[in-house]
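To start, the structure itself, in structure tokens.
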Amino acid sequence: MTLDPAYLEYPKRRHGYDHDLYAWSALHERPSVKWPQGSVAVWVCVSLEWFPIVPGGAFAAPGHMQTAYPDYRHYTARDYGNRVGAWRFLDALARAGAKASFATNAAVAERYPELVRAVLDGGHELIAHSTDMNGTIDSSLAANAERDLINDAIHRIKLASGVRPTGWLSIARSQSFNTLNLLKDIGLTYCCDWVNDEMPYHFTNGLINLPLNHELSDRTIIAVQQQSADSWAQSLEDAFDWLAAEAAATGSGRMLPIHVTPYIMGLPYRIAAFERLLERLSQRSECWFARGDQIVSSWEAQQ
Amino acid sequence: MQEGAGDPQLYDYAPYRGRKKVVWPGGKTVAVWVAPNLEYYEIDPPAHPKRKAWARPHPDVVGYSHRDHSNRVSHWRMAEVMSKHGFPGSVSLSVALCQHHPEVVADGAARGWEFFSHGIYNTRYAYEMSEDQERAIIADSIRTVREATGQTIRGWLAPALTHTPRTLDLIAEMGLDYTCDLYHDDQVQEVKVRSGRLASIPYSLEVNDHYGFFVYNMSGREYADTLIRQFERLAAEGEASGTVMCIPLHAYLIGQPHRIGPFEEALRHIAADGRAWIARAGEIIDAWRAQA
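These protein sequences, in sequence, are chains P and G. Mapping to full-length UniProt numbering: the first sequence position 128 is 128, numbers consecutive. Mapping to full-length UniProt numbering: the second sequence position 203 is 203, numbers consecutive.
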């Protein structure tokens with residue numbers, strides 16, 4: 001047995017990365033960042049998702065239909081999040097005085113204008129989250145089709161909500177090698193897809209990444225790892241404690257993303273864990289509840 | 001090993017009861033070593049006929065950037081906690097990290113960590129390599145780590161745990177003296193190789209943070225409790241004959257903000273107990289060889 005000799009060639013073995021998408025740098029060597037208040041920017045990001053009952057796209061989005069057509073079970077269980085769960089989130093955020101980001105499928109903005117109006121009235125931000133949960137991106141998507149998809153999502157969200165988002169979250173945080181340039185070309189400021197950092201950073205083309213930690217999401221801890229809502233909340237509080245201590249020790253702000261999904265954390269038996277978490281964080285002097293766009297603009301002003 | 005045989009014949013059966021007594025320096029009962037994986041995963045590596053580097057979708061933005069978190073953020077956090085409690089690292093190193101992010105490698109070296117090879121990249125797999133090809137990656141590892149740190153590697157943890165039937169023979173022949181790829185014991189054991197000598201040092205899949213978090217789906221607190229239980233048992237059993245506990249880590253997992261606090265508590269517990277000989281892998285091999 002012999003592998004193709006090319007398998008033992010390493011043309012991109014060099015200082016920095018094996019790509020040119022962003023520059024290599026370690027967090028602890030960057031200049032300090034100060035937030036407008038507190039030392040830990042707590043970024044609650046809610047995903048508003050509509051799953052067509054007929055799956056499509058480059059790959060199946062996490063949470064998509066699972067049974068033979070018609071999969072009423074998963075279609076309705078996901079839609080529960082938009083009808084009920086998201087409204088529980090809005091109340092919980094208001095009680096804690098927290099402003100959040102809502103990563104919103106264009107289809108949700110069109111189908112549920114009451115929900116999107118309540119999000120905006122609450123002082124929250126809309127982040128563009130593709131067209132619907134079939135609007136997935138990977139390298140199998142032709143560049144033109146991807147450009148159309150992104151344009152379509154932004155255009156429809158603007159039309160339905162009156163607001164043009166400045167941020168983008170891909171479904172499953174999956175991109176092609178074209179995505180960063182397409183997002184930049186269409187005039188967006190930031191995306192939330194890359195999880196390699198705990199502070200914003202610039203891509204080579206000027207777009208900003210605001211890292212949305214997938215490991216701390218309710219999807220990972222509750223739906224994938226099958227831990228309890230209390231264990232999820234405890235993990236987030238442990239993370240907050242650590243980051244607050246790190247901020248105090250280094251003199252630089254830190255950020256904590258809390259990514260929640262209405263059909264997961266918005267269930268009656270789980271929502272109290274979310275409410276308690278927000279309440280406890282709101283009592284901490286280090287906590288700055290902030291929307292994604294606020295974190296990005298505060299950070300960028302200090303670069 | 002004998003290719004095609006059901007039993008790869010890597011070692012003799014050695015019952016746990018009635019073994020020769022091994023005593024660690026200072027009369028400690030359990031040798032504890034921490035093995036951070038300092039890795040580099042390529043975003044778009046060449047295809048291997050036996051294994052895909054990344055699951056769909058392609059490119060795997062989350063998979064790649066999650067691992068990149070180690071080098072940008074969490075390595076530094078993990079390393080600081082280890083140093084604070086007196087745990088040096090014995091590093092399974094994707095040796096191409098010496099080129100990509102020499103700052104990370106230099107940080108480990110400055111902390112007195114020992115380096116062994118984890119292949120060139122964790123996205124290049126050894127399956128189906130010819131003997132010459134496999135010799136080339138071993139020689140590359142020896143040369144690259146020596147140039148970057150001055151250290152001569154003594155150990156091997158195969159890239160992404162991928163092997164050929166010749167791997168253990170080749171690393172022994174090329175001067176390495178321990179492997180981390182066998183999980184058959186809680187004490188150091190002799191491996192049967194074509195020439196020279198090779199020791200198997202207990203590594204661990206089961207208390208590897210990857211298994212803890214992605215196979216057993218533990219919380220950070222549950223994982224820390226697992227480490228303490230593992231330590232307590234091995235420290236007690238080590239009174240009969242010294243045991244080895246390995247804590248294999250990946251910064252992108254253990255260095256996440258929600259896990260590093262509980263992990264620090266586990267290190268604090270082990271360091272304060274008094275029964276642990278906290279050591280580097282090579283020191284454990286040397287102490288065992290002196291008694292074997």
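The beta-carbon is built from N, C-alpha and C at its ideal position, and this holds for glycine as well.
Output the distance between the C-alpha atoms of residue 223 of chain P and residue 136 of chain P, rounded to the nearest integer angstrom.
Position 223 of the first sequence, counted from the start, is the residue given in the question as residue 223 of chain P. Position 136 of the first sequence, counted from the start, is the residue given in the question as residue 136 of chain P. Roughly 20 Å separates the two Cα atoms.
For residue 263 of chain G and residue 254 of chain G, what's the separation of their Cα atoms in angstroms?
Residue numbering aside, residue 263 of chain G sits at position 263 when the second sequence is read from its first letter. Residue numbering aside, residue 254 of chain G sits at position 254 when the second sequence is read from its first letter. Rounded to whole angstroms, residue 263 of chain G to residue 254 of chain G spans 7 Å at the Cα level.
Closest by C-alpha distance to residue 89 of chain P, when choosing among P/298, P/267, P/147 and P/209
Numbered from 1 along the first sequence, position 89 holds the residue referred to as residue 89 of chain P. Taking only the C-alpha atoms, the option nearest residue 89 of chain P is P/267.
In the DSSP assignment, the alpha helix (DSSP H) including residue 254 of chain P goes from what residue to what residue?
Residue 254 of chain P sits at position 254 when you count from the first residue of the first sequence. No alpha helix (DSSP H) contains residue 254 of chain P, which is instead part of the beta strand (DSSP E) from 254-260.
Assuming residue 125 of chain P and residue 156 of chain P form a contact by the criterion Cβ under 8 Å, report the distance between their Cβ atoms to the nearest whole angstrom.
Position 125 of the first sequence holds residue 125 of chain P. Position 156 of the first sequence holds residue 156 of chain P. Not really, about 17 Å apart at Cβ, beyond 8 Å.
Under 8 Å by Cβ, that's how I've got residue 182 of chain P and residue 203 of chain P pegged, so tell me the actual separation to the nearest angstrom.
Indexing the first sequence from 1 puts residue 182 of chain P at position 182. Indexing the first sequence from 1 puts residue 203 of chain P at position 203. 12 Å between Cβ atoms; not a contact.
When you compare the CB of residue 56 of chain G with every CB in chain P, is at least one pair closer than 8 Å?
Reading the second sequence from its first residue, position 56 is the one you call residue 56 of chain G. At least one chain P Cβ lies under 8 Å of residue 56 of chain G.
Using the beta-carbon of each residue, which ones in chain G are nearer than 7 Å to residue 19 of chain P?
Counting from one through the first sequence, the residue named residue 19 of chain P turns up at place 19. Those are 43, listed as they occur along chain G.
Please go through the region 167-237 of chain P and give each complete beta strand (DSSP E) segment of 3 or more residues, from N-terminal end onward.
none
Cβ shell of residue 296 of chain P (< 7 Å), same chain only, five flanking positions each side left out:
As a working mapping, residue 296 of chain P is identified with position 296 in the first sequence. Counting only Cβ-Cβ distances below 7 Å, and skipping sequence neighbours, we find 189, 190, 200, 208 and 210.
Distance, residue 277 of chain P Cα to residue 75 of chain P Cα:
For this step, residue 75 of chain P is matched to residue 75 along the first sequence. For this step, residue 277 of chain P is matched to residue 277 along the first sequence. Roughly 29 Å between the two C-alpha positions.
Using 8 Å as the limit for Cβ to Cβ distance, is residue 37 of chain G near chain P?
By 1-based counting over the second sequence, the position of residue 37 of chain G is 37. Cβ-Cβ to chain P under 8 Å: no for residue 37 of chain G.
Spatial neighbours of residue 264 of chain P within its chain, please: CB distance less than 7 Å, with the 5 preceding and 5 following residues excluded, ordered by chain position.
Sequence index remark: in the first sequence, residue 264 of chain P carries index 264 (1-based). Within the same chain, residue 264 of chain P has close Cβ partners 218, 219, 222 and 223.
By the three-class DSSP mapping on this structure, what secondary structure does residue 233 of chain G have?
For this step, residue 233 of chain G is matched to residue 233 along the second sequence. Three-state DSSP puts residue 233 of chain G in a helix.
Rounded straight-line distance, which links the Cα of residue 216 of chain P to that of residue 303 of chain P
On the first sequence, position 303 is the one that residue 303 of chain P refers to. On the first sequence, position 216 is the one that residue 216 of chain P refers to. Their backbone Cα atoms lie some 27 Å apart in a straight line.
Per DSSP, residue 37 of chain G is paired with what?
For the purposes of this step, residue 37 of chain G is identified with residue 37 of the second sequence, where counting begins at 1. In DSSP, residue 37 of chain G forms a bridge with G/92 and G/250.
Who are the near neighbours of residue 66 of chain P in its chain, counting only those whose CB is closer than 7 Å to its CB and skipping five residues on each side?
Translated into positions along the first sequence, residue 66 of chain P becomes position 66. So the qualifying residues of the chain are 74.
Could you please give the first and the last residue of the uninterrupted alpha helix (DSSP H) stretch that includes residue 170 of chain G?
Position 170 of the second sequence holds residue 170 of chain G. Note, residue 170 of chain G: alpha helix (DSSP H), 167-173.
Which of the three DSSP states, helix, strand or coil, is assigned to residue 135 of chain G?
In the second sequence, residue 135 of chain G corresponds to position 135, counting from 1. Reduced to three states, the DSSP call for residue 135 of chain G is helix.
With three or more beta-carbon pairs closer than 8 Å as the criterion, would you say the region 114-129 of chain P touches the region 279-295 of chain P?
yes
Cβ neighbours of residue 19 of chain G in the same chain (closer than 6 Å, five flanking residues each side left out):
Taking the first residue of the second sequence as position 1, residue 19 of chain G is located at position 19. 241, listed in sequence order.
Who are the near neighbours of residue 291 of chain G in its chain, counting only those whose CB is closer than 8 Å to its CB and skipping five residues on each side?
Residue 291 of chain G sits at position 291 when you count from the first residue of the second sequence. Within the same chain, residue 291 of chain G has close Cβ partners 20, 22 and 23.
Determine the contact status of residue 118 of chain G and residue 252 of chain G, defining contact as a CB-CB distance below 8 Å.
Walking along the second sequence from the start, residue 118 of chain G turns up at place 118. Walking along the second sequence from the start, residue 252 of chain G turns up at place 252. No, they are not a contact pair.
Amino acids of chain P, ordered along the chain, whose beta-carbon sits closer than 8 Å to that of residue 268 of chain G:
Along the second sequence, one-based indexing puts residue 268 of chain G at 268. What residue 268 of chain G touches in chain P: nothing, since even the nearest Cβ is about 15 Å away.
In or out: residue 159 of chain G buried (at least 16 other Cβ within 10 Å) or exposed?
Taking the second sequence and counting its residues from 1, one reaches residue 159 of chain G at position 159. Burial call: buried.
What number of angstroms, rounded off, separates the C-alpha of residue 10 of chain P from the C-alpha of residue 42 of chain P?
To locate residue 10 of chain P, count along the first sequence from 1; it is residue 10. To locate residue 42 of chain P, count along the first sequence from 1; it is residue 42. Rounded to whole angstroms, residue 10 of chain P to residue 42 of chain P spans 40 Å at the Cα level.
Per the contact definition of three or more C-beta pairs closer than 8 Å, is the region 85-100 of chain G in contact with the region 136-148 of chain G?
yes
According to the neighbour-count rule (16 or more other Cβ atoms, all chains shown, within 10 Å of its Cβ), is residue 49 of chain P buried or exposed?
Locating residue 49 of chain P in the first sequence gives position 49, where the first residue counts as 1. Buried.
Is it the case that the Cβ atoms of residue 243 of chain G and residue 105 of chain G are separated by a distance below 8 Å?
What you label residue 243 of chain G is simply residue 243 of the second sequence in a count that begins at 1. What you label residue 105 of chain G is simply residue 105 of the second sequence in a count that begins at 1. No, the Cβ-Cβ distance between residue 243 of chain G and residue 105 of chain G is not below 8 Å.
With DSSP collapsed to three states, give me the class of residue 270 of chain G.
Walking along the second sequence from the start, residue 270 of chain G turns up at place 270. If DSSP states are grouped into helix, strand and coil, residue 270 of chain G belongs with the helices.
Less than 8 Å between the C-beta atoms of residue 273 of chain P and residue 40 of chain P, yes or no?
Against the first sequence, residue 273 of chain P aligns to sequence position 273. Against the first sequence, residue 40 of chain P aligns to sequence position 40. No. Outside cutoff.
If distances are taken between C-alpha atoms only, which option among P/91, P/52 and P/173 comes closest to residue 77 of chain P?
The residue you call residue 77 of chain P lines up with position 77 of the first sequence. Per the Cα distances, P/52.
Could you give the distance in angstroms between the alpha-carbon of residue 137 of chain G and the alpha-carbon of residue 102 of chain G?
Position 137 of the second sequence, counting from 1, holds the residue named residue 137 of chain G. Position 102 of the second sequence, counting from 1, holds the residue named residue 102 of chain G. Residue 137 of chain G and residue 102 of chain G: Cα-Cα distance of roughly 19 Å.
Extent of the continuous beta strand (DSSP E) run through residue 190 of chain G:
Here residue 190 of chain G refers to the residue found at position 190 of the second sequence. Element bounds for residue 190 of chain G: 189-191.
Would residue 68 of chain P be called buried (16 or more neighbouring beta carbons within 10 Å of its own) or exposed?
For this step, residue 68 of chain P is matched to residue 68 along the first sequence. Answer is exposed; the Cβ neighbour count stays below 16.
I'd like to check one pair, residue 36 of chain G with residue 73 of chain G: are the Cβ atoms closer than 8 Å?
Residue numbering aside, residue 73 of chain G sits at position 73 when the second sequence is read from its first letter. Residue numbering aside, residue 36 of chain G sits at position 36 when the second sequence is read from its first letter. Cβ distance not < 8 Å, so residue 73 of chain G and residue 36 of chain G don't count as in contact.
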